[in-house]
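Inspection log for the structure reproduced underneath, given as C-alpha cells.
Residue numbers (the numbering used here): 128 to 344.
Below, the structure is given as C-alpha cells:
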C-alpha cells in the first residue's frame with residue numbers, strides 16, 4: 128500500500144507541475160483575426176495610392192474574386208496545418224484550382240482580346256512599383272501568418288510553406304489589382320501574375336527542405 132501511495136503521490140506531483148495545455152481557437156476565428164490585419168495593410172496601401180480602379184467590368188470582378196478567394200482559402204489551409212486530421216483535407220486543392228482559373232482567365236483575355244498572342248506589347252507598361260508592392264505585402268502577410276502558426280505544432284511543413292507563400296503573394300496581388308492604373312492583360316500577366324509565380328516558386332524551392340517554425344512558448 129505504501130508503494131501504491133507513493134506512486135499516486137508521484138503522479139499527482141508530476142501532473143501538478145505540468146504547464147496547462149493552450150487550446151488554440153478554431154482556424155476560422157484565427158483566419159478572421161488575420162484577415163483584419165491583412166486588410167488593414169491593404170487599406171494603408173490604398174491611402175498611399177493616387178489611383179483607385181473604378182471600372183467594375185465583369186472580367187475585373189471575376190478576376191478580383193479569384194484572387195481574393197485564393198488568398199483566403201490558402202490562408203485557412205495554412206492554419207489547418209496546426210490541426211490533426213485537417214492537414215490532409217482534400218479541399219486544400221481549391222486555392223490551387225482558383226489560382227489556375229485566374230491564370231487561364233488572363234491567358235484567354237490575352238488570346239481573344241488581341242490579334243494573336245502578345246499582339247500589343249505596348250500594353251505591358253513595365254514598372255517596378257507593382258512587383259515591389261506584391262513582394263512587400265506578400266512578405267508582411269507571410270510574417271503575420273507565421274506568427275499565428277507558431278502558436279501550435281506544425282504537422283506538414285511543405286504544405287504549410289506552400290500555402291503561406293500562396294496566401295501571402297496573392298494577397299500582395301490584390302493591391303495592384305485595385306490601385307494599378309493599367310488593366311491590360313499583358314500588364315497584369317507580366318507585372319502582377321509573373322512576380323507572384325516567381326516569388327512562390329523561388330522561395331519554395333529554396334526553403335522546402337529547411338523550412339521550420341519553432342513553436343512559441
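Note that beta-carbon positions come from the ideal geometry of N, C-alpha and C, so glycine has one too.
Query	Result
Pull up the CB-CB distance for residue 327 and residue 301, whole angstroms please, since I reckon it's below 8 Å.	Not confirmed; about 15 Å, so no contact.
Which whole-angstrom value is the C-beta distance of residue 229 and residue 186, which I expect to be below 8 Å?	Contact doesn't hold; Cβ gap of about 11 Å is too wide.
So, helix, strand or coil for residue 252, using DSSP?	coil
If the criterion is Cβ atoms closer than 8 Å, does the pair residue 261 and residue 323 meet it?	yes
Among the residues of its own chain, which have a CB less than 6 Å from the CB of residue 303, if the five just before and after it don't count?	257, 260, 319
Just to check my reading of the structure: residue 226 and residue 197 have Cβ atoms closer than 8 Å, yes? What is that Cβ distance to the nearest angstrom?	5 Å
I'd like to know whether the C-beta of residue 156 is nearer than 8 Å to at least one C-beta of chain B.	Among the protein chains of the structure shown there is no chain B, as only one such chain exists.
With distances taken between CB atoms, is the gap from residue 202 to residue 158 smaller than 8 Å?	yes
Pick out the complete alpha helix (DSSP H) segments inside the region 179-249, 4 residues or longer, and give them in chain order.	185-206, 221-240
Indicate whether residue 161 and residue 289 have their beta-carbon atoms separated by less than 8 Å.	no
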